[in-house]
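Residue numbers (this note's numbering): 190 to 459. Quick reminder that beta carbons are idealized off the backbone N, C-alpha and C, glycines included.
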């Protein structure tokens, strides 16, 4: 698919229509901006679980390229047991970036196996903590948490409160200073608008005919900066991987832990 900035998104599938490669490049057949490769195990044991993900980032300016290989192992119930990432800088030697290992309680709640989880200090979010969960209602029991009758979290330990619509979608979030976000959805349940009352920032989300998020249009009222256009390239889960501007220049790259926590690190290019 050709984006409005001249870059091309391309996806390759296997015989089971599982994505095996997602790329962004300067032509329909290249991945010279970003390449994501996926493996599902050998023939006969492919049950849909991804066993390996390879992220290839080229050298851009002063930021040296690298290859990050994430491997995944599962238990007999197809629950993720552990995930490990090894990073090889361009022309360098591979080293472990992080590792997460999990255990599960009788309800299926996931917990960190802290003794076998490694999060380097270079990460901005390195902390590994396990919450306390009630055995009677299977909810977090940490001070400050509250829930509605549908089980939605209406308050958390950080003092934030949340409001939901009849379809259990969050429509507002607030803290002690007031409303910090308002959210709007279309008939298919996709978020189409976000408002930040404190700044007047308005963000519009645009989707293609397949329901894939392809662009965000954002403006900040009374700001010296003009509204900017960004093109978004997502992975197989729909998680944002790279932002490019109207000229095709990379604005930002994103990487995640297996359950969606974004990785914030000082490593260039990540």
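Pick from the options: whose alpha carbon is nearest that of residue i?
i: residue 347; options: 382, 420, 286, 363; result: 363
i: residue 367; options: 385, 301, 321, 405; result: 385
i: residue 262; options: 291, 252, 246, 397; result: 291
i: residue 378; options: 359, 194, 285; result: 359
i: residue 430; options: 215, 206, 240, 245; result: 245
i: residue 407; options: 238, 418, 425; result: 418
i: residue 450; options: 270, 308, 237; result: 308
i: residue 286; options: 250, 256, 428, 296; result: 256
i: residue 293; options: 284, 268, 203; result: 268
i: residue 280; options: 398, 303, 247; result: 247
i: residue 296; options: 275, 304, 329; result: 329
Just curious, the beta strand (DSSP E) that residue i is in, first and last residue?
i: residue 359; result: 359-364
i: residue 395; result: 390-396
i: residue 278; result: 269-278
i: residue 404; result: 402-408
i: residue 421; result: 417-423
i: residue 325; result: Element bounds for residue 325: n/a, residue is neither H nor E.
i: residue 429; result: 429-434
i: residue 262; result: 255-263
i: residue 234; result: Counting along the chain, residue 234 falls outside any beta strand (DSSP E), and DSSP gives it neither H nor E.
i: residue 344; result: 342-344
Answer yes or no: do residue i and residue j have a C-beta to C-beta separation smaller than 7 angstroms?
i: residue 243; j: residue 222; result: no
i: residue 306; j: residue 289; result: yes
i: residue 322; j: residue 298; result: yes
i: residue 319; j: residue 300; result: yes
i: residue 393; j: residue 401; result: no
i: residue 201; j: residue 207; result: no
i: residue 199; j: residue 420; result: no
i: residue 338; j: residue 351; result: no
i: residue 273; j: residue 282; result: no
i: residue 213; j: residue 422; result: yes
(request) Determine, using beta-carbon pairs with one atom in the stretch 437-451 and one in the stretch 224-235, whether at least three such pairs fall under 8 angstroms. (result) no
(request) Pair every Cβ in the stretch 442-450 with every Cβ in the stretch 200-220, then say whether three or more of these pairs are closer than 8 angstroms. (result) no
(request) Would you mind listing the beta strand (DSSP E) stretches within the stretch 191-227 that are 3+ residues and don't spill past its ends, in chain order? (result) 197-202, 208-214
(request) Could you tell me which uninterrupted beta strand (DSSP E) segments, each at least 3 residues in length, are contained entirely in the stretch 283-308, listed from first to last along the chain? (result) 284-293, 299-301
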